[in-house]
């Protein structure tokens with residue numbers, strides 16, 4: 007017993023020594039990532055936010071990438087809390103329950119969890135209204151398509167993905183009532199080979215504008231190879247398809263991270279649930295491709311302003327589902343609760359929801 | 652209209668099957684000599700990053716493919732040293748090789764994650780490519796698709812028509828008798844294993860240079876395992892490797908087409924994704940019910956260490 | 116000059132203990148080169164990798180928690196491996212065990228009392244055994260290769276759990292996210308000490324190791340399986356039933372993998388999601404062989420494997436190394452360990468030679 011105590015103490019001394027060596031004087035902020043950072047995609051966007059945070063506030067940050075959405079996450083989060091990180095951002099849905107559990111032990115640490123639905127006394131919640139960008143890309147797709155067939159490569163039918171699909175077709179049909187959308191589920195967030203295969207399948211089925219809700223750049227590259235159009239997702243993917251890439255729905259976390267950390271430092275932070283879109287500057291389109299006619303570009307810019315002002319809602323009534331049922335009557339907007347429980351396709355989607 | 656869709660399905664099937672064929676044929680040779688290397692996933696990952704990095708640095712796809720081959724061969728050499736010279740367990744060593752290869756490739760590949768390569772065009776064979784429906788899928792293909800067919804021909808000839816092929820099979824059947832006739836069992840197994848690694852490397856390079864010209868961590872996405880499964884599925888016969896790879900690719904591609912077409916399918920998409928794996932099991936059962944096919948083709952000493960103590 | 120391996124007259128006792136040490140020394144040298152290549156201080160690298168994770172009791176408890184599923188799965192597999200029954204699909208069996216246990220937990224949501232946990236343990240084992248029974252049946256009935264079938268079933272199990280958590284098992288109040296409801300307290304394994312996550316499953320794993328040891332070295336069936344593993348023909352002459360061994364080998368692996376799945380959902384997860392297993396089923400195969408299929412060895416090999424996972428996380432946090440570095444380390448160490456066992460039965464000789 008005494009021996010273990012001595013060993014513990016020695017190790018602790020070593021640990022503290024190392025910590026002061028690596029500069030723990032400034033506040034540290036921890037980030038938990040679900041996948042490797044890479045060059046584009048979900049985690050890459052969060053890492054851009056982390057870098058912005060370091061630059062603008064002078065805090066130090068550390069991150070762990072490729073953390074499985076299972077019990078390992080709790081250990082990673084706890085390690086960060088234990089060593090005194092001021093704020094911990096857990097950036098995937100599967101970290102929610104683990105972050106909540108750790109937050110109960112470390113009441114002085116601020117926890118923020120991205121995409122999910124649980125909050126705690128010291129755990130806030132953040133997500134982005136990706137569907138706002140999706141709607142705009144849908145408008146572009148509706149105008150740019152020659153065949154009136156659009157394609158969508160999707161990972162899993164969770165509400166966030168369904169919102170994107172439906173916003174995309176709503177946007178397209180708002181300018182082109184003949185537009186139809188084909189959806190292929192690849193049952194994986196990340197498998198470039200399969201994503202590409204699905205994209206090629208859509209293109210061979212007459213789709214000429216495609217997009218994806220998965221995590222690689224394969225779909226954009228496939229469109230480039232076939233001389234068709236595509237939208238990126240998460241990140242600006244223009245360099246993977248300079249001709250094909252019309253624009254991308256991107257999400258920006260940096261401002262939010264900076265604001266949160268400053269609030270925590272000032273002692274004014276309260277856990278909140280933020281679902282931020284254009285208004286909060288958390289969703290934006292990547293630069294528009296020259297192939298998009300100037301007139302359309304102007305309309306898109308106007309629509310972005312309306313979104314920011316809150317006068318344009320992607321799911322403004324009438325919203326009609328695949329079966330012809332009215333989900334939202336004219337004159338109303340879809341509520342957040344309705345958005346969060348979306349598990350159906352809207353009119354214009356040709357494929358059937360897998361179940 | 653209809654025929655063009657059929658043509659695209661065929662085209663996609665062949666492209667999807669090609670890396671599986673190349674890797675599986677390589678493993679078939681290794682297994683025929685009695686060596687079971689479960690490290691294909693790791694060797695493919697190394698082949699993929701080596702191919703990508705070398706092509707990126709030199710601008711030559713050919714050097715890239717060669718580099719991928721060399722990386723795969725090197726990995727399998729490491730495996731061979733552990734299992735053939737040091738007699739480590741083949742199953743466990745193969746798994747460890749997978750872990751090492753996947754990790755090392757991700758590690759080496761960090762600087763290349765942001766890079767892209769131009770898509771390599773197909774090679775069109777005049778006249779033949781004009782045949783309706785099958786012309787494009789068969790005769791206007793990536794160069795490595797033709798390579799996979801040539802590899803099949805070469806391996807078929809080697810195994811069943813050449814003397815060294817006979818020796819290789821003898822080594823896999825009964826290493827001790829092969830040794831007593833005077834064949835260098837260990838050296839032959841080394842060569843077969845390294846050949847398997849080289850092919851796995853080319854298969855990996857196909858992914859990162861031709862299939863999706865990019866490098867990202869984890870891009871092999873389980874194809875190494877499928878290739879290993881294919882060899883057993885094919886009961887160690889080269890032709891069945893081809894059939895199996897196209898069947899596997901075909902089922903995957905077909906379910907994507909069914910989804911895209913908007914047909915009403917009241918089965919979960921997860922079930923569709925699981926279909927190729929279920930199909931493999933069923934075909935395997937059918938094949939192995941006939942005891943003779945298995946007994947005639949399965950290398951008897953597969954997975955077992957051998958050391959001449961003379 | 117060639118270095119040549121020469122068979123020892125008899126297995127070296129010294130080497131059977133020294134070979135893991137040799138492997139670790141080799142890995143340290145390899146790691147040294149790797150860290151130097153990365154421009155990191157190797158001493159600090161080793162501290163971060165191997166000492167930090169154990170710097171307090173909580174760290175130790177995490178190590179044991181991480182090692183628990185590895186121990187369970189590895190000891191179950193070792194029973195079969197000793198008789199050359201190649202179940203490499205423990206990953207799938209673990210998932211199905213987790214599914215079965217979760218089904219019990221969700222069915223008895225309102226219910227209090229120990230029966231819930233007991234039923235979950237039974238369900239977990241049976242779920243894993245059912246999944247393992249498929250390759251066992253196909254092997255004994257149609258002589259279908261069990262390596263392939265068990266491996267294919269891993270993928271099928273992954274799609275199965277994916278479908279379940281997106282469908283029938285999804286939390287009705289969970290906003291369509293792919294996960295079940297959180298289990299009630301009665302469906303959670305009791306913690307061994309407060310403030311850690313170490314739970315009863317660790318005790319179960321220790322029990323499994325002991326039972327495994329007794330079965331392998333003290334029972335006639337275990338002896339039969341060992342003989343079958345060493346000499347197939349001898350076993351046949353002695354009248355040992357090959358079918359029975361396949362069933363015992365596959366089912367013991369399945370049961371333990373299923374139990375490990377139960378321990379995950381009922382322990383640190385507290386619900387079922389798509390991520391029931393973190394490759395424990397495959398890692399355990401390596402653990403089993405590094406341990407030379409011996410339960411005592413499995414205990415230590417599981418700890419070592421778990422330490423490599425924990426060290427990898429620490430290396431990311433404190434040295435800014437990418438996550439892949441822990442895979443490189445693992446792969447290296449395992450290859451060294453698997454290779455260095457040769458010195459138990461062989462020794463090195465310098466020899467002039469024309470050809471090998």
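Protein chains in written order, with this note's numbering: chain A, 7 to 361; chain B, 652 to 961; chain C, 116 to 471.
No residue lacks a Cβ here, since even glycine has one placed at the ideal position from N, Cα and C.
These figures come from a predicted structure and were not determined experimentally.
Nearest candidate by alpha-carbon position, reference residue 221 (chain A), set A:44, A:319, A:103: The shortest C-alpha separation from residue 221 (chain A) is found at A:44.
Short CB-CB distance (under 9 Å) between residue 68 (chain A) and chain C: The beta carbon of residue 68 (chain A) falls within 9 Å of a beta carbon belonging to chain C, placing the residue at that interface.
Coarse secondary structure for residue 455 (chain C), derived from DSSP in three states: Three-state DSSP puts residue 455 (chain C) in a helix.
CB contact below 9 Å: residue 113 (chain A) versus chain B: Not an interface residue.
Contact under 9 Å by Cβ, residue 216 (chain A) with residue 224 (chain A): No, the Cβ-Cβ distance between residue 216 (chain A) and residue 224 (chain A) is not below 9 Å.
Cβ distance (whole Å) where residue 908 (chain B) is taken to contact residue 660 (chain B) below 8 Å: Between residue 660 (chain B) and residue 908 (chain B) the Cβ distance is about 6 Å, and since that is below 8 Å, they are a contact.
Proximity below 9 Å, CB of residue 371 (chain C) to CB of residue 243 (chain C): The criterion of a C-beta distance shorter than 9 Å is satisfied by residue 371 (chain C) and residue 243 (chain C).
Environment of residue 813 (chain B) [buried if 16+ CB atoms lie within 10 Å]: Under this definition residue 813 (chain B) is an exposed residue.
Contact set between residue 206 (chain C) and chain A, taken where Cβ atoms lie within less than 9 Å: Contact note: residue 206 (chain C) does not reach chain A at a C-beta cutoff of 9 Å; the least C-beta distance is about 13 Å.
As assigned by DSSP and simplified to three states, the class of residue 281 (chain A): DSSP places residue 281 (chain A) within a strand segment (E or B) once states are collapsed to three.
Those residues which DSSP pairs with residue 191 (chain A) across a bridge: The partner list for residue 191 (chain A) (beta bridge, DSSP) reads A:160.
Within-9 Å CB hit, residue 432 (chain C) to chain B: Judged by the 9 Å Cβ criterion, residue 432 (chain C) is not in contact with chain B.
9 Å Cβ cutoff, residue 665 (chain B) in contact with chain C: Taking Cβ atoms only, chain C never reaches closer than 9 Å to residue 665 (chain B), which makes this a no.
Residue 121 (chain C) - partner residues in DSSP beta bridges: Partner(s): C:462.
Residue 34 (chain A) (DSSP reduced to helix, strand or coil): Residue 34 (chain A): strand per DSSP, three-state reduction.
Rounded separation between residue 378 (chain C) and residue 217 (chain C) - CA only: Roughly 10 Å separates the two Cα atoms.
Contact belief for residue 137 (chain A) with residue 173 (chain A) at Cβ below 8 Å, rounded distance in angstroms: The beta-carbon distance between residue 137 (chain A) and residue 173 (chain A), rounded to whole angstroms, is 4 Å. This is short enough to meet the 8 Å contact definition.
Spatial neighbours of residue 829 (chain B) in its chain, beta-carbon cut-off 6 Å, leaving aside the 5 residues before and after: Here the set comprises 821, 822, 836.
Residue range of the unbroken alpha helix (DSSP H) whose run includes residue 336 (chain A): If you look at residue 336 (chain A), you'll find it isn't in any alpha helix (DSSP H); DSSP assigns it neither H nor E.
Residue 143 (chain C), DSSP secondary structure in three states: Here residue 143 (chain C) sits in helix by DSSP.
Beta-carbon proximity list for residue 178 (chain C), same chain, < 8 Å, skipping 5 on both sides: For residue 178 (chain C), where only same-chain residues beyond five positions count, the Cβ hits under 8 Å are 168, 169, 418, 421, 422, 425.
Proximity test, Cβ basis, 9 Å: residue 740 (chain B) and chain C: Residue 740 (chain B) counts as touching chain C.
Minimum Cβ-Cβ distance from residue 961 (chain B) to chain A less than 9 Å: Any answer about residue 961 (chain B) is weak, because its pLDDT of 41 lies below 50 and its placement is not dependable; what the coordinates show is given next. Cβ-Cβ to chain A under 9 Å: no for residue 961 (chain B).
Cross-chain neighbours of residue 293 (chain C) in chain F, by beta carbon under 8 Å: Of the protein chains in the structure, A, B and C, none is chain F.
Under 9 Å between C-beta atoms of residue 109 (chain A) and residue 40 (chain A): With contacts defined as CB atoms closer than 9 Å, residue 109 (chain A) and residue 40 (chain A) fail to qualify as a contacting pair.
Cβ of residue 469 (chain C) within 9 Å of any chain A Cβ: Note on residue 469 (chain C): pLDDT 48, under 50, position unreliable in the model; the coordinate value appears next. Look at residue 469 (chain C): its C-beta is not under 9 Å from any C-beta on chain A.
Where the stretch 172–202 of chain A meets chain C: residues whose CB sits under 7 Å from a CB there: Hits within the stretch, in order: 193.
Min CB distance residue 928 (chain B) to chain C below 9 Å: Yes, residue 928 (chain B) counts as interfacial toward chain C.
Status (buried if at least 16 other CB within 10 Å, exposed otherwise) for residue 187 (chain C): It counts as buried.
Cβ contact check for the stretch 148–163 of chain C and the stretch 359–375 of chain C: 3 or more pairs under 8 Å: In short, these stretches do not touch, since the Cβ pair count stays below three.
Inter-residue Cα distance where the pair is residue 90 (chain A) and residue 106 (chain A): Per the coordinates, the alpha-carbon of residue 90 (chain A) lies some 17 Å from the alpha-carbon of residue 106 (chain A).
Neighbouring residues, chain C, relative to residue 936 (chain B) (Cβ below 7 Å): Per Cβ cutoff of 7 Å: 253, 257, 259.
Per-residue burial, residue 233 (chain A) [other beta carbons within 10 Å of its own, 16 or more giving buried]: Exposed is the call here.
Neighbouring residues, chain B, relative to residue 376 (chain A) (Cβ below 7 Å): In the structure displayed, chain A extends from 7 to 361; residue 376 (chain A) sits before or after that span and is not available.
Residue range of the unbroken alpha helix (DSSP H) whose run includes residue 846 (chain B): Here the alpha helix (DSSP H) through residue 846 (chain B) covers 836–857.
Range of the contiguous beta strand (DSSP E) that encloses residue 118 (chain A): For residue 118 (chain A), the uninterrupted beta strand (DSSP E) run begins and ends at 116–120, by DSSP.
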